[in-house]
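J.:
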Amino acid sequence: VIDFESRFRGDLMHLLGYKWENGMLKVVLSREVPKIVPPLVAKCVRVMLERNSLEVKDIKNWVFHSGGVSIIDGIKGELGVSEEDVKWSRRALESFGNCSSATVGLAAELMQADNPCGYAVAAVMGAGAAVDSALLRYRR
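Numbering (our numbering), first residue to last: 104 to 243.
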């Protein structure tokens, strides 16, 4: 692990978070999440990359919390990465479904099975539009 970056938008808890209702904790997932999350992930990743004198084009391996097809598509579009770049996130979603932010670990496991080399970025998102990203480097 070379670096990490975290962002939190507590003002978005009403769209992506939890609420206590009738004595039970309930998940809040607005239909707006696929529009809200990808720009936040892209900002978090770009800040981290800039701090390390890197650009999106320098990253060979990408894994995201695959919260759904629209989340992956949105992050792909915001970062300008290719379909090949999001393959492990898509495979994790297809194989395991949305397992919350832990899905990034499943995507990373798929990536590691391909014996990656070079820089990698992993990114997750969660309640309150919390976004975390990590910059990794793999050497053979």
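Just so it is clear, CB atoms sit at the ideal spot from N, CA and C, and this is done for glycine as well.
Provide the residue span of the alpha helix (DSSP H) that contains Val189, from first to last.
T.: Run containing Val189: none; DSSP gives neither H nor E here.
J.: Quick check: Tyr222 and Leu196, are their CB atoms within less than 8 Å of each other?
T.: Their beta carbons are not under 8 Å apart, which means Tyr222 does not touch Leu196 by this criterion.
J.: Please classify Glu135: is it buried, with 16 or more other beta-carbons within 10 angstroms of its beta-carbon, or exposed?
T.: So Glu135 ends up on the exposed side.
J.: Note the first and the last residue of the continuous alpha helix (DSSP H) segment covering Arg112.
T.: Looking at the DSSP string, Arg112 is not in any alpha helix (DSSP H), and its letter there is neither H nor E.
J.: Under 8 Å by Cβ, that's how I've got Arg193 and Ser169 pegged, so tell me the actual separation to the nearest angstrom.
T.: Confirmed, Cβ separation roughly 7 Å.
J.: Please report the straight-line C-alpha distance between Ile105 and Gln215, rounded to a whole angstrom.
T.: The alpha-carbon atoms of Ile105 and Gln215 are separated by roughly 17 Å.
J.: The beta strand (DSSP E) spanning Asp235 covers which residue range?
T.: Ala233 to Tyr241 is the extent of the beta strand (DSSP E) around Asp235.
J.: Looking at the secondary structure, which residues open and close the beta strand (DSSP E) in which Met116 lies?
T.: From DSSP, Met116 is part of no beta strand (DSSP E); its letter is neither H nor E.
J.: Contact between the stretch 141-153 and the stretch 123-131: three or more CB pairs below 8 Å?
T.: With the cut-off at 8 Å, the stretch 141-153 and the stretch 123-131 do not touch.
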